[in-house]
Amino acid sequence: MADEALKELYNDQVMALARDVPRQERLDAPDATAQQVSPLCGSRITVDLKLEGDRIADYGQTVRACTLGQAAASILARHVIGRSTAELHRVRTEMRAMLKEGGPPPGPPWSDLEVLLPARGVKSRHGSVLLPFEAVVKALNQAAGQSENDR
Numbered sequence: 000m001a002d003e004a005l006k007e008l009y010n011d012q013v014m015a016l017a018r019d020v021p022r023q024e025r026l027d028a029p030d031a032t033a034q035q036v037s038p039l040c041g042s043r044i045t046v047d048l049k050l051e052g053d054r055i056a057d058y059g060q061t062v063r064a065c066t067l068g069q070a071a072a073s074i075l076a077r078h079v080i081g082r083s084t085a086e087l088h089r090v091r092t093e094m095r096a097m098l099k100e101g102g103p104p105p106g107p108p109w110s111d112l113e114v115l116l117p118a119r120g121v122k123s124r125h126g127s128v129l130l131p132f133e134a135v136v137k138a139l140n141q142a143a144g145q146s147e148n149d150r
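Residue numbers (numbering that gives the first Met the number 0): 0 to 150.
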């Protein structure tokens with residue numbers, strides 16, 4: 000990967016987000032817990048959710064990921080409280096489309112996910128960027144009583 004592409008991928012904003020990942024504590028008695036691992040790079044995240052109806056009431060996570068995975072987890076943790084399950088499914092779908100299909104980044108209040116747009120051209124980083132979103136959807140499906148195959 001060329002130096003310019005690396006600078007774009009690991010820009011100052013991504014580095015700052017990765018250094019300051021909020022909600023890095025596990026929840027007591029969560030409604031759902033899910034772990035997601037990126038098989039390509041070994042990045043791993045465990046998320047805990049507490050729900051009130053169809054909204055996230057509390058969120059905790061343990062992040063053992065590369066810089067991009069940490070940055071994605073940081074952004075997700077900053078916005079997840081109060082969001083509906085439908086919105087979180089939509090954001091995961093939009094992030095997949097942004098990386099894999101050339102789609103636009105999610106809109107407000109998730110606009111800061113645009114900082115991860117340079118990862119689109121680096122297929123080996125898609126899994127780590129998607130890690131927190133996949134884990135949250137897995138936990139939401141668990142809370143709804145769905146199996147992984149139902150997602």
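By construction, the Cβ of each residue, glycine as well, lies at the ideal position given by its N, Cα and C atoms.
Would you mind giving the Cβ-Cβ distance between Tyr58 and Ile44, rounded to the nearest angstrom? I have them listed as a contact below 8 Å.
-> Working through the sequence shown from its first residue, we reach residue 58 at position 59. Working through the sequence shown from its first residue, we reach residue 44 at position 45. Actually they do not touch by this definition, with Cβ atoms about 12 Å apart.
Who pairs with Ser83 in a beta bridge, going by DSSP?
-> What you label residue 83 is simply residue 84 of the sequence shown in a count that begins at 1. The partner list for Ser83 (beta bridge, DSSP) reads Arg54.
Count the other C-beta atoms from every protein chain shown that fall within 10 angstroms of the C-beta of Gly195, then say buried if there are 16 or more, exposed otherwise.
-> What the structure shows of the chain is the stretch from 0 to 150, and residue 195 is not part of that stretch, so it cannot be assessed.
In the DSSP assignment, find the unbroken beta strand (DSSP E) run with Val36 in it and report its ends.
-> On the sequence shown, residue 36 is found 37 positions in, with the first residue counted as 1. Taken as a continuous stretch (DSSP letters only), the beta strand (DSSP E) holding Val36 covers 31 to 36.
How would you write the range of the alpha helix (DSSP H) that Met64 sits in, first residue to last?
-> Counted from its first residue, the sequence shown places residue 64 at position 65. Here the sequence assigns Ala to residue 64, which means Met is not the residue at that position. Unbroken run through Ala64: none, as it is neither H nor E.
Range of the contiguous alpha helix (DSSP H) that encloses Val128 = As a first step, residue 128 is located in the sequence shown; it is residue number 129 there, counting from the start. Here the alpha helix (DSSP H) through Val128 covers 125 to 142.
Buried or exposed (CB count within 10 angstroms, at least 16 for buried), Lys137 | As a first step, residue 137 must be located in the sequence shown, where it is residue number 138. Result: buried.
Contacting residues, own chain, Cβ-Cβ under 6 Å from Ser42 (five flanking each side not counted) | The count along the sequence shown starts at 1 and reaches residue 42 at position 43. Answer for Ser42: Ala64, Cys65, Gly68, Ser127, Leu130, listed in chain order.
Span of the alpha helix (DSSP H) around Gln12 = As a first step, residue 12 is located in the sequence shown; it is residue number 13 there, counting from the start. Where Gln12 is concerned, the enclosing alpha helix (DSSP H) stretches over 11 to 18.
Under the three-state reduction of DSSP, which class applies to Gln60: helix, strand or coil?
-> Within the sequence shown, numbered from 1, the residue matching residue 60 stands at position 61. Strand at Gln60.
For Ala155, is the classification buried or exposed, using 16 other Cβ atoms within 10 angstroms of its Cβ as the cut-off for buried?
-> Beyond the ends of the chain as shown, which are 0 and 150, falls residue 155; an answer cannot be given.
For Ser37, which residues from the same chain have a beta carbon less than 6 Å from its beta carbon, with the 5 sequence-adjacent residues on both sides left out?
-> The residue labelled residue 37 in the question sits at position 38 within the sequence shown. Cβ neighbours of Ser37 beyond the five flanking positions: Gly126, Ser127, Leu130.
Do Pro29 and Lys49 have their C-beta atoms closer together than 7 Å?
-> On the sequence shown, position 30 is the one that residue 29 refers to. On the sequence shown, position 50 is the one that residue 49 refers to. Result yes, Cβ atoms of Pro29 and Lys49 sit closer than 7 Å.
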